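Chemist: If you're matching positions, the sequence shown starts at 1 in the numbering used here and goes up one per residue. Glycine included, C-beta positions come from ideal geometry on N, C-alpha and C. Small disclaimer: the values here were computed from a predicted structure and weren't measured.
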Amino acid sequence: MQVAAITGKEECSLVERAEPHPFGNMAVVKVLTAPMCTEHKQYTSGHLTVCLGHEAVGVVSAVAQEGRVRVGQRVVVMPQYACGACSLCLAGDFIHCRNSIDALSATGNSSGTATYAQYILKPDWLLLPIPDDMTTDHASLACCGLGPTFGAMQRMEVTEFDTVLIAGMGPVGLGGVINGAFRGAKVIAIEGHPYRAALAKRLGASAVIDPQSDQALAEILRLTDGLGATASLDCSGSAGAQRLLLDATRRRGRVAFIGEAGELTIHVSNDMIRKGLTLFGQWHYNLTEAGRIMEVIRRSRSLLDLFITHTFPMSEVKQAFELQRTGNCGKVLLHPWE
Ligand SMILES: [Zn+2]
Ligand SMILES: [Zn+2]
Numbered sequence: 001m002q003v004a005a006i007t008g009k010e011e012c013s014l015v016e017r018a019e020p021h022p023f024g025n026m027a028v029v030k031v032l033t034a035p036m037c038t039e040h041k042q043y044t045s046g047h048l049t050v051c052l053g054h055e056a057v058g059v060v061s062a063v064a065q066e067g068r069v070r071v072g073q074r075v076v077v078m079p080q081y082a083c084g085a086c087s088l089c090l091a092g093d094f095i096h097c098r099n100s101i102d103a104l105s106a107t108g109n110s111s112g113t114a115t116y117a118q119y120i121l122k123p124d125w126l127l128l129p130i131p132d133d134m135t136t137d138h139a140s141l142a143c144c145g146l147g148p149t150f151g152a153m154q155r156m157e158v159t160e161f162d163t164v165l166i167a168g169m170g171p172v173g174l175g176g177v178i179n180g181a182f183r184g185a186k187v188i189a190i191e192g193h194p195y196r197a198a199l200a201k202r203l204g205a206s207a208v209i210d211p212q213s214d215q216a217l218a219e220i221l222r223l224t225d226g227l228g229a230t231a232s233l234d235c236s237g238s239a240g241a242q243r244l245l246l247d248a249t250r251r252r253g254r255v256a257f258i259g260e261a262g263e264l265t266i267h268v269s270n271d272m273i274r275k276g277l278t279l280f281g282q283w284h285y286n287l288t289e290a291g292r293i294m295e296v297i298r299r300s301r302s303l304l305d306l307f308i309t310h311t312f313p314m315s316e317v318k319q320a321f322e323l324q325r326t327g328n329c330g331k332v333l334l335h336p337w338e
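1) Have a look at residue 74 and residue 131 and give me their C-alpha separation to the nearest angstrom.
2) Going by CA-CA distance only, name the one from 21, 175 and 97 that's closest to residue 301.
3) Since residue 11 sits in a beta bridge, which residues does DSSP pair it with?
4) Tell me which residue opens and which closes the alpha helix (DSSP H) that residue 171 is part of.
5) What do you get for residue 28, buried or exposed, if any count of 16 or more other CB atoms within 10 angstroms of its CB means buried?
6) Determine the burial state of residue 273: buried for a count of at least 16 other Cβ atoms within 10 Å of its Cβ, exposed for fewer.
7) Can you determine whether any heavy atom of ligand 2 sits closer than 7 Å to the C-beta of residue 92, and answer yes or no?
8) Buried or exposed: where does residue 65 fall if 16 or more other Cβ atoms within 10 Å of its Cβ makes it buried?
9) Say yes only if the C-beta of residue 106 is nearer than 7 Å to one or more non-hydrogen atoms of ligand 2, and no if none qualify.
10) Mind checking which residues open and close the alpha helix (DSSP H) that includes residue 91?
11) What number of angstroms, rounded off, separates the C-alpha of residue 119 from the C-alpha of residue 267?
12) On the premise that residue 218 lies in contact with residue 188, defined as a C-beta separation below 8 Å, what is that separation, rounded to the nearest angstrom?
13) Are residue 202 and residue 282 closer than 8 Å when you measure CB to CB?
14) Could you spell out the range, first to last residue, of the beta strand (DSSP E) harbouring residue 318?
15) How about the region 158-169 and the region 280-299: do they share at least three Cβ pairs that are nearer than 8 Å?
16) Distance check for residue 146 and residue 299, CA to CA, integer angstroms please.
17) The alpha helix (DSSP H) that contains residue 269, what's its start and end?
18) Measuring only the C-alpha atoms, how far is residue 262 from residue 71?
19) Reducing DSSP to helix, strand and coil, say where residue 98 ends up.
20) Going by the DSSP bridge assignment, what does residue 163 pair with across the sheet?
21) With hydrogens ignored, establish whether the beta-carbon of residue 339 is closer than 7 Å to any heavy atom of ligand 2.
22) So residue 234 is in the beta strand (DSSP E); what residue range does that whole segment cover?
23) Of the residues 193, 152, 318 and 223, which one's Cα is nearest the Cα of residue 343?
24) Say yes only if the C-beta of residue 144 is nearer than 7 Å to one or more non-hydrogen atoms of ligand 1, and no if none qualify.
25) What does the shell around ligand 2 hold, if a residue joins when its beta-carbon is under 7 Å from any heavy atom?
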């Protein structure tokens with residue numbers, strides 16, 4: 001099978017790897033769509049790898065035993081290789097599993113854990129069936145496109161009464177605009193890139209604030225009766241934006257951190273005790289809520305067509321990385337069989 005590889009700094013190509021075989025509850029999925037996430041950073045830095053990507057949808061092509069999926073079924077492939085047996089996995093919080101499986105040594109395969117590939121191995125319980133009335137590309141947004149912000153809004157119980165502030169209009173933050181709009185909340189976006197700011201508006205943001213402006217906080221307060229947002233999500237991973245969210249969220253509000261980042265200084269008295277904020281760390285969403293994210297997808301079709309700005313055959317992965325580096329895109333999808 002063909003797999004995309006980073007072969008040097010700003011260099012990538014397709015390489016041939018052995019097609020994986022199923023083993024135990026590990027099914028093989030023929031990848032039809034591999035949404036692109038942050039892998040362009042590896043392309044830019046020259047991090048050599050033949051294992052790219054963590055988002056995929058496809059069709060089950062082989063199983064070793066009867067289980068939760070059957071050959072021919074279309075499925076969303078969940079990230080990671082959680083154990084399926086610990087208390088976190090049993091509660092649906094598999095993304096936080098501490099006993100992840102080494103899928104290759106467990107199955108005797110030499111490849112099959114990348115999503116920028118024609119086939120992937122996955123435990124059957126981490127494959128979500130796709131409803132017949134949903135396109136494969138739309139279903140792929142149940143990965144990082146809509147997933148992390150959906151998970152955060154579920155935990156923060158975002159409703160139409162909320163004013164949601166979202167920092168970072170990359171492909172995760174833009175998905176957050178769709179999730180906020182779906183819930184009927186007022187959404188304010190924070191983004192400086194003109195293409196992404198414009199796309200956030202088209203997806204339903206009522207206002208887009210430039211984080212570089214020294215009036216950013218004042219502007220958000222002006223839009224929120226001087227109180228600040230009720231629920232905020234950081235999808236930028238930038239400490240400056242995270243600080244802005246803490247300052248622009250009202251007392252007793254909630255803030256979710258989604259963008260991968262490092263250190264942030266929190267003032268215990270001013271930010272936490274006196275404001276009474278609740279902070280969340282959010283990676284993905286709980287598996288028991290999979291039916292609900294499918295419903296968000298089913299009812300948001302026209303917005304999803306705006307959100308997915310580009311699709312590329314996997315043979316053009318270099319062009320796709322170069323596009324992502326410009327920021328002039330929303331969600332970008334790869335098709336490994338084109
Ligand atoms: Zn991702
Ligand atoms: Zn586990």
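Modeler: Let me spell this out:
1) Here the question's residue 74 lines up with position 74 in the sequence shown. Here the question's residue 131 lines up with position 131 in the sequence shown. Approximately 8 Å between the Cα atoms of the pair.
2) In the sequence shown, counting from the first residue as 1, residue 301 sits at position 301. Looking at the Cα atoms, 175 is the closest of the given residues.
3) One-based indexing of the sequence shown puts residue 11 at position 11. Bridge partners of residue 11: 8.
4) Here residue 171 corresponds to residue number 171 of the sequence shown, with the count starting at 1. Element bounds for residue 171: 171-182.
5) As a working mapping, residue 28 is identified with position 28 in the sequence shown. Buried: at least 16 other Cβ atoms inside 10 Å.
6) Translated into positions along the sequence shown, residue 273 becomes position 273. Per the 10 Å Cβ criterion, exposed.
7) Reading the sequence shown from its first residue, position 92 is the one you call residue 92. No.
8) Your numbering for residue 65 matches position 65 in the sequence shown. So residue 65 ends up on the exposed side.
9) The residue labelled residue 106 in the question sits at position 106 within the sequence shown. The answer is no for residue 106.
10) For the purposes of this step, residue 91 is identified with residue 91 of the sequence shown, where counting begins at 1. Premise fails: residue 91 is in no alpha helix (DSSP H) and is neither H nor E.
11) Translated into positions along the sequence shown, residue 119 becomes position 119. Translated into positions along the sequence shown, residue 267 becomes position 267. In a straight line, the C-alpha of residue 119 is about 47 Å away from that of residue 267.
12) Translated into the one-based positions of the sequence shown, residue 188 becomes position 188. Translated into the one-based positions of the sequence shown, residue 218 becomes position 218. The pair is not a contact, with the Cβ atoms about 13 Å apart (cut-off 8 Å).
13) Stepping through the sequence shown from its first residue, residue 202 is reached at position 202. Stepping through the sequence shown from its first residue, residue 282 is reached at position 282. No, these two residues do not count as a Cβ contact at 8 Å.
14) The sequence position of residue 318 within the sequence shown is 318, counting from 1. No beta strand (DSSP E) holds residue 318; the alpha helix (DSSP H) holding it covers 317-326.
15) no
16) Residue 299 sits at position 299 when you count from the first residue of the sequence shown. Residue 146 sits at position 146 when you count from the first residue of the sequence shown. Cα-Cα distance, rounded: 13 Å.
17) Taking the first residue of the sequence shown as position 1, residue 269 is located at position 269. Counting along the chain, residue 269 falls outside any alpha helix (DSSP H), and DSSP gives it neither H nor E.
18) To locate residue 262, count along the sequence shown from 1; it is residue 262. To locate residue 71, count along the sequence shown from 1; it is residue 71. Taking the straight line joining both Cα atoms gives about 42 Å.
19) Counting from 1 along the sequence shown, the entry for residue 98 is found at position 98. Looking at residue 98 - three-state DSSP - the assignment turns out to be coil, as it is neither helix nor strand.
20) Taking the first residue of the sequence shown as position 1, residue 163 is located at position 163. Per DSSP, 186.
21) Limits of the chain in this structure are 1 at one end and 338 at the other, which puts residue 339 out of reach.
22) As a working mapping, residue 234 is identified with position 234 in the sequence shown. Start and end: 229-234.
23) Nothing about residue 343 can be read from this structure; the chain reaches only from 1 to 338.
24) The residue given as residue 144 occupies position 144 in the sequence shown. It does: the Cβ of residue 144 is within 7 Å (strictly closer) of some heavy atom of ligand 1.
25) 82, 83, 84, 85, 86, 88, 89, 94, 97, 98 and 99
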